[in-house]
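A short write-up of the structure that comes next.
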Amino acid sequence: MEVRKFALNDASFERSPGQNGEIYTANMVDQRDGGPVTVGFGRYGADQSLEETMAVHDTMVILEGRLTVSSDAGSVTAGPGEIVYMPKGEKVTIRSHAEGAVTAYVTYPHWQEPGA
């Protein structure tokens, strides 16, 4: 795999699997590229909520807006330029605020099944 650069304009967003709300993902690098991690962008509409038990280690960089991530250990709210790490196995609720949010993410291992 070669060195690559990605911009938000390069992303082709799809509804996040299993979600009915305005939560979208766009993998830019994943298992199809042969690397060990998935890299992509996320987009959350206003006031959306996602409950998930993390199947992978997930690191989100907030690019726009704000997100609050809650777990049994407490809550953190992050905005542009801040990073939220969610370890594998942690049950979390990710909530966007009135302005929605855009993120970049890196997961290890890949969060999506091969061929999905």
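Per the working numbering, residue 3 is the first one in the sequence shown, and the count goes up by one each step.
Glycine included, every Cβ here is placed at the ideal spot set by N, Cα and C.
Computed from a prediction, not measured in an experiment: that's the story for all the values here.
| task | Using the Cα positions of Gly23 and Gly47, report the straight-line distance between them to the nearest angstrom. | result | If you take the alpha carbons of Gly23 and Gly47, they lie about 8 Å apart.
| query | Rounded to a whole number of angstroms, what is the C-alpha to C-alpha distance between Gly67 and Thr55? | reply | Cα to Cα, Gly67 sits roughly 23 Å from Thr55.
| field | Option in Thr109, Gly91, Tyr26 and Arg34 with minimal Cα separation from Ser51 | value | Tyr26
| request: Give the straight-line distance between the Cα atoms of Phe15 and Ala28, rounded to the nearest whole angstrom. | output: 5 Å
| query | Three-state secondary structure (DSSP) at Arg34? | reply | helix
| task | Could you tell me the boundaries of the beta strand (DSSP E) in which Lys90 lies? | result | It is not in any beta strand (DSSP E) - Lys90 carries neither H nor E in the DSSP assignment.
| query | When the Cα atoms are used, what is the spatial distance from Gly76 to Lys93? | reply | 11 Å
| task | Reducing DSSP to helix, strand and coil, say where Asp12 ends up. | result | helix
| task | Assuming Ser98 contacts Asp49 (C-beta within less than 8 Å), just tell me the rounded distance between them. | result | 6 Å
| task | Report the rounded CA-to-CA distance for Asp74 versus Tyr87, giving the unit in angstroms. | result | Whole-angstrom Cα-Cα distance: 15 Å.
| said: I'd like to confirm something about Asp49: is its beta-carbon nearer than 7 Å to some heavy atom of the ligand ATP, or not? | reply: Inclusion of the ligand ATP in the displayed structure is not the case, the ligand content being empty and no account of it being possible.
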